[in-house]
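Enquirer:
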Amino acid sequence: MSLIISVIQKGSIIVDTNFLEEQVPAPHNNLFGFESCRKTLWGNDLISELGCELIYSLKNTNIFAFDEGIEKLESEFLILLDNLDAIELHTDYDKEFIEFRARNALEMIKVVLKEKDKVGIAIW
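Per our numbering, residue 2 is the first one in the sequence shown, and the count goes up by one each step.
(1) Within its chain, find whatever has a CB closer than 7 Å to the CB of GLY44; leave out the 5 residues flanking it on each side and keep chain order.
(2) Quickly, what does DSSP pair SER7 with across the bridge? List them, please.
(3) Applying the 10 Å Cβ sphere with the 16-neighbour rule, what's the burial state of PHE33?
(4) Please determine, among LYS115, HIS91, ALA103, the residue with the shortest C-alpha to C-alpha distance to THR41.
(5) Count the CB pairs spanning the region 14-33 and the region 69-83 that are closer than 8 Å, and state whether there are at least three.
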């Protein structure tokens, strides 16, 4: 099973989330790693030490971000990109694997931010 990043509706507002997800430019997509990445990558203690609380919470639960939570999630992914070398050293994942998934999330976040009054983002 894989972790994915999705655009989700906010409340009862009807939005074509598939259309929004299709706005993510290639080569990026909705993939966020393997289910095991919850604990071995995103749930690694270093992720918490870097201040990435939302991403670290994926260790035990899915992430659903709306409004300011979207910007918080975006800032956490930027922290990850600034610390790829350290994360690579503390996990079994290479920088390219980590960076591609973080950029997948950032590209989806860019799409969501344009419509944040109607949608949010989920990582599950």
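Cβ atoms here follow ideal geometry from the backbone N, Cα and C, with glycine treated the same way. Please read these numbers as outputs of a predicted model, since none were measured by experiment.
Expert: Well, looking at it:
(1) Close CB contacts of GLY44 within its chain, under the 7 Å cut and outside five residues either way in sequence, are with TYR57, LEU59, LYS60 (chain order).
(2) Paired residues: ALA123.
(3) By the neighbour-count rule (16 or more Cβ atoms within 10 Å), PHE33 is buried.
(4) Looking from the CA of THR41, the closest CA among LYS115, HIS91, ALA103 belongs to HIS91.
(5) In short, these stretches do not touch, since the Cβ pair count stays below three.
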